[in-house]
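Residue numbers (the numbering used here), protein chains in the order written: chain A, 1 to 432; chain B, 1001 to 1161; chain C, 2001 to 2327. Where is the CB? At the ideal position from N, CA and C, for every residue including glycine. Following: one structure in structure tokens, then a few remarks.
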Amino acid sequence: MTAQAIGGLGVVVLIVLTLLRVPLGAAMGLVGLIGYAAIDGWDKAFIVFGTTPFSLTHYAFSVLPLFILMGTVATRSNMSQELFHAANAVFAGRRGALPMATIGACAGFSAISGSSVATAATFTQIAVPEMRRFGYDLRLATGSVAAAGTLGILIPPSVIMVIYALAAEESVPRLFAAGMFPGLILAALFMAVVWVVVRLRPGWAPVGEAMPWRERLRAAGAMWKLALLFGLAVGGIYTGWFSPTEAAGIAAFAAIVIAGATRQLSLRGLWDCITETLRTTAMLMFIIVGAWIFAYFVVQTRLPSGLLDLIEHFDLAPWAVIAMILVFYIILGCVLDAVAIILVTVPVFLPVVTAMGYDSVWYGILMVVVVEIGLITPPVGLNIFVMRAQLPDVPLGTMFAGIAPFLIADFVLIALLLLFPQIALWLPGVLY
Amino acid sequence: MMALIGAAARFLTRVAAVFLLAMVAVNVVDVGLRSGLNAPIFGAYEIVEFLLAAVAFLAIPEAFLRDQHITIELIDQVVPQRVVDWLRAIGTLFALVFVALLAWHMVRPTLDYMEFDEVSMDLQLPLVWKAGLILAGIVASVATAFALFLRDLGRAAGRGA
Amino acid sequence: GNAAFAQGKTYTLKVALFTPERSSTSRWFKMQEKRLAEKSGGRLKLQNFFGSSMGPMPRHYDLARTGVADMAFFQHGVTRGRFPLTELFHSPYLAPDGHKGSLVATKTAADMKDRYLAPEHKGTRLIWVVFNRPSGIYDASKPIRSLEDLRGRRYRAPTPTDVAMLKALGGLPIGLPATDMAESLQKGTINGVITDPIGVFSFKLGEMLRYYSPMFVSVISFGLVMNPKSYDALPKDLKALIDELGTKEAASEMAMLSWGKDFPAYTKYMDSLKLERIALAPEADAAMRAAADKVMAGRIAEMEKKGLPARKAYDEMKALAAKYAAE
Ligand code: NA
Ligand code: NA
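What follows is the structure in structure tokens.
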């Protein structure tokens, strides 16, 4: 068997194992080990296997636990709740005000939370009960939260971008900057979807009471914590007070100080935030160890160069290759988790994509958008699952039906990114 | 025995918590000293990397105990609960084999760090400290994965009877 | 019989490189891939794994030592403590400025390879040691002419010797991964970098830098090693081809392809910058050289205590470098 055939077989076995409930990290690590041994012998395979965990404590990786800590503190200290009320004040009185407020608040919250699942989970608790109370259709209520939650990994900071940056050896700050405009555009597109849906199905969204301007301003004022955190992080980086990597530590510290000073977070609560952060980080680390072993196996298979030969053989245009990759990702996104998708496929596809002349930062943003879609598509969608866990009486079918229109917004964004790569690349070009 | 494993895992998470707080502190103090007094902490990024070894690895055992590792649960909707229980036990066995092999094959590289006296670039901290923290996290994970496996196996066998 | 069988067999050697495929340091390896295939009639194949794809950069030496790769191109400085005598080459003012410095240091190392350098490359077969162009200080905003100018400036320093020099002269060394240099310069968390000119090019630092001062002038070493078992497994004629890779001429060729003059993309980039070369005040230059002597004396004394022939190696190194510099 050729190395490339072993590589192809390895990918298939990996997908089968994960579908049979083998924990992701273990599946990737063991398939990687056995595949490497099949190509290069057990001795070398075990050396690569045993040394990999020691190579994963890059400085850049430190932003991961720190940003997770900041997001956890913000959630536990009710910053998300305040944000939702502020956003609500802005849209009050329109048809579809609450779903729009949800999208606005999720976009804002995404600026301090690096995780889509956390963003969706937070706003399921806050926004869905509110929308039910006012008689919104459950499809619209859950769909808007699930979709808007995905903004968490597109608007910086983003855990997925950090993982992509590590896998692709790209700069984390450049990726963060590149995600800013696509994230804002996607938030606007989601709002447009709500606008269209409530016009086509007026029964889904009752019109609430308008709010006097004074009250609106007062409610919007509650956004100060978020504005302060975001302003501190961005302002500090911009003025050279600290580096983007250090910003994670400063912002986590600031979140703790703000939460403590406003008496929204006790010492006990802080301790819970810290242990929760550690378990989340550890869970990611376990998968990353497995994924790195798998990646070294993929390198030995020379699978990427085989793919390039195929492309050359069939004389495919670069855009056609990208289109095929995207379709593949959307299918993969149906069954695999976002972190796994990035870690399993970047070693295979990124060399192909960059060899065709595409920018790896741009490709990273495209990746984030497609894994976002995976978070909300059936049958496996992590955002849906966390929502379902909190809303046991809402059928999964209702949620997926509610999400369908929002997928159009994701596809529009992908089309925009393909047509105008500058949407992603302009800001990092200006900043770095 | 189970209680002991659980206590050890929680202890390691506590150690990691101290390291995470230290990581926040190093960032804040370094930035403060640098912009306030133009007196940065020399090698701050190396300290962060050492702390990261603990932060990223020492909580893996407890993540096992709480069954938090990411698993695709798609099949649960297709097959009967009895089969799910067995698949869960087999999946945990895979995880156990993975961490056990990992722990075993991490010993040699850890000793290499010691044998070659390798130290960090700026502060000359022995790299074996960092390697030791990482190894400790994986070794403890073997114990907790084993505990989880026994539990899952018992559950699967219990339903089968 | 067996010999005839060995004659017909093809050998593939996996080479681990941390440099990206399109960097100037990768050119020599691509060239050897072709050459060895031709010279061996297709029986010796190099398979280059660029861009740290076989393992992270600091572990490249071990990739060859443990046999995961058959050969590895690596940087000595990233595993501090393992190659003390080789690190002596990183001492200030050893080689002249510019691409000639790279050549002088490379030739010097070739002469010292068998006696001093190979023994400390434990568990591998050392093929050569090569050097980049000597570094200087690049400052983002301030021309450094005197020791007074240097005081309190924050620089990213690439080697422990540069760190010691900065500390001795009142500058502030900042530890940073090389990949964070651009970002930190841009934000002003550091005032400048100590690097060689090719580093300015490959890390795209030029737009953020304004002044260049030829201070601390020191080179950084890179090695090529082979796994001894992989070497022993080769038939005699192929071993000879590998030996040819390790001559002084081959090492010089590698250094000049990587850090020499024939590098149009680099020249074009540097010409596009507004870098001003600053002449150092003579007394500042003298003070820096004195500081260098002191730093090196301390380092050598430390190494001698550990039983290393540092004094003898350093004196020989200085003499050889002076000879090649005069050529
Ligand atoms: Na975010
Ligand atoms: Na999905």
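> Within this structure, are the beta carbons of C/Y2011 and C/L2044 separated by less than 8 Å?
Replying inline: Yes, Cβ-Cβ distance for C/Y2011 and C/L2044 is below 8 Å.
> Looking at chain A, which residues of the stretch 2043-2060 of chain C have a Cβ within less than 8 Å of any of its Cβ atoms?
Replying inline: Going along the stretch 2043-2060 of chain C in chain order, one finds F2049, G2051, S2052, S2053, M2054, G2055, P2056, P2058 and R2059 with a Cβ nearer than 8 Å to chain A.
>> Is the beta carbon of C/Y2061 closer than 8 Å to that of C/F2050?
In response: In this structure, C/Y2061 does not lie closer than 8 Å to C/F2050 by Cβ.
>> I want to see whether chain B comes within less than 8 Å of A/I287, judged by CB atoms only; does it?
In response: Yes, A/I287 counts as interfacial toward chain B.
> Which residues in the same chain have their Cβ closer than 7 Å to the Cβ of A/V370, if we skip the five residues on either side of it in sequence?
Replying inline: Scanning its chain for C-beta atoms nearer than 7 Å, with the 5 sequence neighbours on each side dropped, one finds around A/V370 the residues L326, Y329, I330 and G333, in chain order.
> Can you tell me whether A/H313 is buried or exposed, with buried defined as 16 or more other CB within 10 angstroms of its CB?
Replying inline: Burial call: exposed.
> For C/P2228, which residues of its own chain have a beta-carbon under 8 Å away from its beta-carbon, when the five flanking residues on both sides are left out?
Replying inline: Around C/P2228, the same chain offers G2123, T2124 and R2125 as residues with beta carbons nearer than 8 Å, after the five sequence neighbours per side are excluded.
> Quick one: does the C-beta of A/P156 sit closer than 7 Å to a heavy atom of ligand 1?
Replying inline: The answer is yes for A/P156.
> So which residues on chain B does A/V22 lean against when the C-beta distance must stay under 7 Å?
Replying inline: Within chain B, the residues G1091 and F1094 have their CB atoms less than 7 Å from the CB of A/V22, given in chain order.
> Less than 8 Å separating the beta-carbons of A/G7 and A/T301?
Replying inline: Remark: C-beta atoms of A/G7 and A/T301 approach each other more closely than 8 Å.
>> Residues in the same chain with beta-carbon distance under 6 Å from C/Y2269, minus the five sequence neighbours each way, listed in chain order, please.
In response: Closer than 6 Å at Cβ, skipping near neighbours: F2201.
> When the Cα of A/V348 is compared with those of A/A168, A/V159 and A/P53, which residue comes out closest?
Replying inline: Of the candidates A/A168, A/V159 and A/P53, the one whose C-alpha sits nearest the C-alpha of A/V348 is A/A168.
> If you pair each beta-carbon of the stretch 1061-1071 of chain B with each one of the stretch 1136-1149 of chain B, do three or more pairs fall below 8 Å?
Replying inline: Contact between the stretch 1061-1071 of chain B and the stretch 1136-1149 of chain B is established, with three or more Cβ pairs separated by less than 8 Å.
> How many Å lie between C/K2100 and A/G240 at the Cα?
Replying inline: Straight across, the Cα-Cα distance linking C/K2100 with A/G240 is about 37 Å.
> How do the stretch 2125-2139 of chain C and the stretch 2251-2261 of chain C stand: do at least 3 beta-carbon pairs fall below 8 Å, yes or no?
Replying inline: Contact between the stretch 2125-2139 of chain C and the stretch 2251-2261 of chain C is present, because at least three Cβ pairs lie under 8 Å.
> Going by other Cβ atoms of all chains shown within 10 Å of its Cβ, with 16 needed for buried, is A/S113 buried or exposed?
Replying inline: By the C-beta density criterion, A/S113 is buried, having at least 16 other C-beta atoms within 10 angstroms.
>> Can you look up C/S2130 in the DSSP assignment and give me helix, strand or coil?
In response: Sequence inspection shows Val at residue 2130 of chain C; the Ser mentioned does not correspond to that position. DSSP places C/V2130 in strand when its eight states are reduced to three.
>> Tell me which residues share the same chain as A/A210 and place their Cβ nearer than 8 Å to its Cβ, disregarding the 5 neighbours each side in the sequence.
In response: Cβ neighbours of A/A210 beyond the five flanking positions: A92 and G93.
> To which residues does DSSP link B/R1108 through a beta bridge?
Replying inline: Partner(s): none; B/R1108 has no beta bridge.
>> ligand 1 and A/S80: does any heavy atom of the ligand fall closer than 7 Å to the residue's C-beta?
In response: In this structure, ligand 1 has no non-hydrogen atom nearer than 7 Å to the beta-carbon of A/S80.
> Does any residue of chain C bring its CB to less than 8 Å from the CB of A/G504?
Replying inline: Outside the modelled stretch of chain A, which goes from 1 to 432, sits residue 504 of chain A, for which no answer is possible.
> So is the beta-carbon of A/I163 under 7 Å away from any non-hydrogen atom of ligand 1?
Replying inline: It does not: the Cβ of A/I163 is nowhere closer than 7 Å to a heavy atom of ligand 1.
> In terms of alpha-carbon separation, which member of A/R214, A/Q4, A/V13 and A/L24 lies closest to A/L343?
Replying inline: The candidate whose alpha carbon is nearest that of A/L343 is A/L24.
> Under a three-way DSSP split, which group does C/K2306 fall into?
Replying inline: Correct three-state label for C/K2306: coil.
> Span of the beta strand (DSSP E) holding C/F2029?
Replying inline: In the DSSP assignment, C/F2029 falls outside any beta strand (DSSP E) and within the unbroken alpha helix (DSSP H) covering R2027 to K2039.
> Any idea what DSSP makes of B/G1132, helix, strand or coil?
Replying inline: Here B/G1132 sits in helix by DSSP.
>> List, in chain order, every chain C residue whose beta-carbon is nearer than 7 Å to that of B/F1027.
In response: Sequence inspection shows Asn at residue 1027 of chain B; the Phe mentioned does not correspond to that position. When 7 Å is used as the limit between beta carbons, B/N1027 is near no residue of chain C, the shortest such separation being about 12 Å.
> Which runs of the alpha helix (DSSP H) fall wholly inside the stretch 2125-2207 of chain C and span at least 4 residues, in chain order?
Replying inline: For the stretch 2125-2207 of chain C, whole alpha helix (DSSP H) runs of length 4 or above, ordered along the chain, are 2147-2150, 2160-2169, 2181-2187 and 2197-2202.
> From what residue to what residue does the beta strand (DSSP E) around B/Q1068 run?
Replying inline: Premise fails: B/Q1068 is in no beta strand (DSSP E) and is neither H nor E.
> So what does DSSP say about A/Y36, is it helix, strand or coil?
Replying inline: Three-state DSSP puts A/Y36 in a helix.
> Are the C-beta of A/K225 and some C-beta of chain C separated by less than 8 Å?
Replying inline: The C-beta of A/K225 comes no closer than 8 Å to any C-beta of chain C.
> Do C/M2054 and A/V299 have their CB atoms nearer than 8 Å?
Replying inline: When the beta-carbon positions are compared, C/M2054 and A/V299 come within less than 8 Å of each other.
> A/P173 versus chain C: which residues are under 8 Å apart at the beta carbon?
Replying inline: Chain order gives the chain C residues near A/P173 as E2183, where near means a beta carbon separation below 8 Å.
> For ligand 1, any of its heavy atoms closer than 7 Å to the Cβ of A/I153?
Replying inline: A/I153: yes, Cβ under 7 Å from ligand 1.
> Helix, strand or coil: which one does DSSP assign to C/I2012?
Replying inline: In the sequence under discussion, the amino acid at residue 2012 of chain C is Thr, which differs from the Ile named in the question. It is a strand residue.
> What separation, rounded to the nearest whole angstrom, lies between the Cα atoms of C/K2239 and C/D2070?
Replying inline: Whole-angstrom Cα-Cα distance: 13 Å.
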